[in-house]
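**Student:** Under our numbering, the residue at position 9 of the sequence shown is numbered 9, and the numbers go up by one with no gaps.
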Amino acid sequence: RATAPWGEGPLYHHIGLYAYRRAALERFVALKPSPLERRERLEQLRALEAGMRIDAEIVESLPLGVDTPDDLERARQILLSN
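1. When the Cβ atoms of the segment 20-32 are set against those of the segment 50-59, are three or more pairs found closer than 8 Å?
2. Helix, strand or coil: how does DSSP classify Arg38 here?
3. Per DSSP, what kind of secondary structure is Val66 in: helix, strand or coil?
4. To the nearest angstrom, report how far apart Trp6 and Tyr12 are at their CA atoms.
5. If you run the structure through DSSP and keep just helix, strand and coil, what is Arg21?
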């Protein structure tokens, strides 16, 4: 991966949430990984280089990440309580 920008300025924590319309997902999986995607190991670059739209939002609180079975169980409990 290329070195990320650093220094003064705002810093952001990235949480990826992927949602596709069926046609967009079918298009995405039909694309071959681009050289940039392979170099950076970021599949989002394949979509961007193919002209597909990616949206991003800045939020004030850090959302719950779901990366482990324990995280998944915690998320399920939160969803059930709401």
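Just so it is clear, CB atoms sit at the ideal spot from N, CA and C, and this is done for glycine as well.
**Tutor:** Quick answer:
1. With contact defined as three or more Cβ pairs closer than 8 Å, the segment 20-32 and the segment 50-59 are in contact.
2. Per DSSP, reduced to three states, the secondary structure at Arg38 is helical.
3. In the three-state reduction of the DSSP assignment, Val66 falls in the coil class.
4. Using only the alpha carbons, I get a separation of about 11 Å.
5. Shown here, Arg21 sits in coil according to DSSP, grouped into three states, outside any helix or strand.
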